[in-house]
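Asker: Each number in the numbering used here comes from the position in the sequence shown (counting from 1) with 268 added on.
Got a structure here, written out as structure tokens. Questions coming.
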Amino acid sequence: MSTKPIIWITGASSGIGEATAYRFAQEQASLILSATREERLAQVQRKCISLGARCAILPCDLSKLGTLDAVTDRALALFGRIDIAFLNAGISQRTKVLETSPEVDQKIMTLNFFAPTMIARRLLPSMIAQGGGTIAVTSSIAGRFGFPLRSAYAASKFALYGFFETLQAEYHDDHIRVVMVCPGR
269 MSTKPIIWIT
279 GASSGIGEAT
289 AYRFAQEQAS
299 LILSATREER
309 LAQVQRKCIS
319 LGARCAILPC
329 DLSKLGTLDA
339 VTDRALALFG
349 RIDIAFLNAG
359 ISQRTKVLET
369 SPEVDQKIMT
379 LNFFAPTMIA
389 RRLLPSMIAQ
399 GGGTIAVTSS
409 IAGRFGFPLR
419 SAYAASKFAL
429 YGFFETLQAE
439 YHDDHIRVVM
449 VCPGR
């Protein structure tokens with residue numbers, strides 16, 4: 269069995285997720301890359317393979333919460349386990365509270381909060397069974413301080429802290445590690 273980690277990255281087709289994939293590829297990690305844009309994922313996959321990684325893509329729409337158990341099960345089946353889940357997919361908004369519809373609030377909470385918590389919940393039993401694992405989650409400085417024009421985004425990131433800090437406290441003895449990634453402005 270390889271000692272290189274098996275890492276699932278959501279939001280891997282651009283930005284932080286893409287850059288993280290390339291960094292882990294340089295370490296010859298086994299990667300599972302997910303995002304909605306399959307063509308972009310394939311481009312990232314090709315570059316990761318050229319850098320030395322074993323790499324699979326798992327295109328999915330994380331806003332479709334009813335599919336996440338099956339998506340997570342497919343991710344687990346690709347390489348037989350997941351050592352690190354980097355739950356990075358997310359969206360933002362740039363409107364004042366009175367200009368933001370409840371539908372926008374719900375869309376942001378669905379992708380930024382409910383999707384990563386559902387994936388983590390589905391991954392936990394397998395991580396515990398394998399002796400541990402790491403769940404890294406992209407939050408934001410807006411998850412600690414409110415920012416103008418980011419009400420729903422900030423709320424979703426605050427919620428991530430509450431959920432994942434609790435998960436860490438509950439499963440620390442099972443060697444589950446939580447890392448909150450907190451980019452700023």
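From the three backbone atoms N, C-alpha and C, an ideal C-beta is built for every residue, glycine too.
Just mark Glu286 as buried or exposed, buried being the case when its beta carbon has 16 or more other beta carbons within 10 Å.
Answerer: Looking up residue 286 in the sequence shown gives position 18. Per the 10 Å Cβ criterion, buried.
Asker: Would you mind reading off the limits of the beta strand (DSSP E) that contains Ser408?
Answerer: Indexing the sequence shown from 1 puts residue 408 at position 140. Neither: Ser408 is in no beta strand (DSSP E) and is coded neither H nor E.
Asker: Between the Cα of Leu435 and those of Pro384, Glu307 and Phe415, spot the shortest distance and give me the residue it belongs to.
Answerer: For the purposes of this step, residue 435 is taken as residue 167 along the sequence shown, with counting starting at 1. With distances taken between Cα atoms, Leu435 lies closest to Pro384.
Asker: If we count the other Cβ atoms within 10 Å of its Cβ and call it buried at 16 or more, is Ser282 buried or exposed?
Answerer: The residue you call residue 282 lines up with position 14 of the sequence shown. Classification of Ser282: exposed, given that the 10 Å Cβ count is below 16.
Asker: I'd like the list of long-range same chain contacts for Ser408, defined as Cβ closer than 7 Å, with 5 residues on each side in sequence excluded.
Answerer: Numbered from its first residue, the sequence shown carries residue 408 at position 140. Answer for Ser408: Lys425, Cys450 and Pro451, listed in chain order.
Asker: Determine, using beta-carbon pairs with one atom in the region 387-397 and one in the region 333-348, whether at least three such pairs fall under 8 Å.
Answerer: With the cut-off at 8 Å, the region 387-397 and the region 333-348 touch.
Asker: Of all the beta strand (DSSP E) runs that stay within the bounds of the region 367-453, which reach a length of 3 or more residues?
Answerer: Counting only runs of 3 or more, we get 401-406 and 444-449.
Asker: Anyone know if the C-beta pair for Ala321 and Ala357 falls short of 8 Å?
Answerer: Residue 321 sits at position 53 when you count from the first residue of the sequence shown. Residue 357 sits at position 89 when you count from the first residue of the sequence shown. Contact flag unset, no.
Asker: Taking buried to mean at least 16 other C-beta atoms within 10 Å of its own C-beta, is Gly401 buried or exposed?
Answerer: Walking along the sequence shown from the start, residue 401 turns up at place 133. That one is buried.
Asker: Based on the DSSP output, what are the partners of Thr278 in its beta bridges?
Answerer: Numbered from 1 along the sequence shown, position 10 holds the residue referred to as residue 278. Answer is Ser302.
Asker: Measure from the alpha carbon of Met448 to the alpha carbon of each residue in Tyr439, Asp441, Glu438 and Phe431, then state which is nearest.
Answerer: One-based indexing of the sequence shown puts residue 448 at position 180. When each option's Cα is compared against that of Met448, the closest is Phe431.
Asker: Run through the DSSP bridge pairs and tell me what Thr363 is partnered with.
Answerer: Numbered from its first residue, the sequence shown carries residue 363 at position 95. DSSP lists Arg418 as partners of Thr363.
Asker: According to DSSP, which residues form a beta bridge with Ile352?
Answerer: In the sequence shown, residue 352 corresponds to position 84, counting from 1. According to DSSP, which records beta bridges pairwise, Ile352 is partnered with Ile275 and Thr402.
Asker: Specify the secondary structure class of Ala287 as computed by DSSP and reduced to three states.
Answerer: For the purposes of this step, residue 287 is taken as the residue at position 19 of the sequence shown. Helix, per DSSP.
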